[in-house]
Amino acid sequence: NAGVMQNPRHLVRRRGQEARLRCSPMKGHSHVYWYRQLPEEGLKFMVYLQKENIIDESGMPKERFSAEFPKEGPSILRIQQVVRGDSAAYFCASSPEYRSYGYTFGSGTRLTVV
Amino acid sequence: KQEVTQIPAALSVPEGENLVLNCSFTDSAIYNLQWFRQDPGKGLTSLLLIQSSQREQTSGRLNASLDKSSGRSTLYIAASQPGDSATYLCAASNNAGNMLTFGGGTRLMVKP
Chain A
6 NAGVMQNPRH
16 LVRRRGQEAR
26 LRCSPMKGHS
36 HVYWYRQLPE
46 EGLKFMVYLQ
56 KENIIDESGM
66 PKERFSAEFP
76 KEGPSILRIQ
86 QVVRGDSAAY
96 FCASSPEYRS
106 YGYTFGSGTR
116 LTVV
Chain B
7 KQEVTQIPAA
17 LSVPEGENLV
27 LNCSFTDSAI
37 YNLQWFRQDP
47 GKGLTSLLLI
57 QSSQREQTSG
67 RLNASLDKSS
77 GRSTLYIAAS
87 QPGDSATYLC
97 AASNNAGNML
107 TFGGGTRLMV
117 KP
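Protein sequence lines correspond, in order, to chains A and B.
32 is the number that the working numbering gives to position 27 of the first sequence; each next residue is one higher, with no gaps.
27 is the number that the working numbering gives to position 21 of the second sequence; each next residue is one higher, with no gaps.
Below you can see the structure in the form of C-alpha cells.
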C-alpha cells in the first residue's frame, strides 16, 4: 500500500501561470481532502471531495482555485494565475468510507511562486 | 467556529524526560481528535486517533487523552529521545467527520 501519493513534491511557477497539484488517495479510500499550510501558519482546510463530487469547498478561495476528483485518476487542485501569496505547502489527505479510521496525509506539494 | 490552541508553542527538553503537550478546542461537538507529527519540510504522520467516545489511546511511548467536556487533549511522551524532535499537531474533527481544524503545533526539541 503506497499511501497517499502527491506530485510533484516541489513546483515553481511564475506569477500568472497555472499550477496543477495531483493527489492519489490510498487504495480503498474514496474521500479526499485538501489542506494548505502557509508559511508560519497552521494547516487550513480547503476542500473535501468524493468521486465526481465536491462535498464541501468552504475553505477554498472563491477566485482562481478549483478542485476535482474524477471517476478515474487522481484528484487535482488547480490554481489559475498564481500570485506570490499562493506560495505554500499543499497537503492532500484521504480516508475510507468509514470516518472512524481518521485521515492519512500525503507528503505535500510545496508551491513556490516567483 | 472551532478553534484549536496548542501550548506551549515550543519546548526544549533534555533526553530522557517525560513531557506533556497540551491541546484545547472550543467546540466539544467533535467526531474524533487526531495527533500528528510533522518533520521539517515533510508531510504529516498520524500518531494517535481518539474517538469522541474514548478517553485515551496509547502507542508505545505515546499516550493521548481526551476530555470532551472541558475541550482538552494531552499528548504524553515518555522517556523522550532526540528522534522525537519534530512539530506535534493536534486536529479536531467536526461532528460530520469531514473536516479537521488544526492547532498551531508545538515544536519539540529533545537534546542529547
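C-beta: ideal position from N, C-alpha, C; glycine also.
Since the structure is predicted, the reported quantities are computational estimates derived from the model, not experimental observations.
Within the 8 angstroms Cβ cut-off, does residue i reach chain A?
{"i": "Asn101(B)", "result": "no"}
{"i": "Gly111(B)", "result": "yes"}
{"i": "Lys74(B)", "result": "no"}
{"i": "Leu114(B)", "result": "no"}
{"i": "Leu106(B)", "result": "yes"}
{"i": "Ser52(B)", "result": "yes"}
{"i": "Gln40(B)", "result": "yes"}
Pull up the CB-CB distance for residue i and residue j, whole angstroms please, since I reckon it's below 8 angstroms.
{"i": "Leu50(B)", "j": "Phe96(A)", "result": "7 angstroms"}
{"i": "Gln8(B)", "j": "Asn100(B)", "result": "7 angstroms"}
{"i": "Ile84(A)", "j": "Phe70(A)", "result": "6 angstroms"}
{"i": "Asp73(B)", "j": "Ile83(B)", "result": "At roughly 19 angstroms, the Cβ-Cβ gap does not stay under 8 angstroms, so Asp73(B) and Ile83(B) are not in contact."}
{"i": "Ala85(B)", "j": "Gln40(B)", "result": "Contact doesn't hold; Cβ gap of about 23 angstroms is too wide."}
Work out the CA separation of residue j and residue i for me, nearest whole Å.
{"i": "Pro75(A)", "j": "Glu23(B)", "result": "49 angstroms"}
{"i": "Arg61(B)", "j": "Ala35(B)", "result": "15 angstroms"}
{"i": "Thr117(A)", "j": "Gly90(A)", "result": "9 angstroms"}
{"i": "Gln87(B)", "j": "Thr112(B)", "result": "16 angstroms"}
{"i": "Thr114(A)", "j": "Pro20(B)", "result": "33 angstroms"}
{"i": "Ser35(A)", "j": "Asn58(A)", "result": "11 angstroms"}
{"i": "Glu45(A)", "j": "Ser75(B)", "result": "31 angstroms"}
Would you say residue i lies against chain B (beta-carbon separation less than 8 angstroms)?
{"i": "Leu48(A)", "result": "yes"}
{"i": "Ser112(A)", "result": "yes"}
{"i": "Thr109(A)", "result": "yes"}
{"i": "Ile60(A)", "result": "yes"}
{"i": "Tyr53(A)", "result": "yes"}
Candidates the options: which alpha carbon is nearest residue i's?
{"i": "Gln22(A)", "options": "Ala98(A), Ser80(A), Gln86(A)", "result": "Gln86(A)"}
{"i": "Leu68(B)", "options": "Asp33(B), Ser59(B), Ser58(B), Thr80(B)", "result": "Thr80(B)"}
{"i": "Gln11(A)", "options": "Gly33(A), Arg18(A), Tyr38(A)", "result": "Tyr38(A)"}
{"i": "Val10(B)", "options": "Thr64(B), Gly66(B), Ser18(B), Asn28(B)", "result": "Asn28(B)"}
For the stretch 30-94 of chain B, which segments carrying the beta strand (DSSP E) assignment without a break, of at least 3 residues, lie completely within its bounds, in sequence order? 36-44, 50-57, 62-65, 68-73, 78-83
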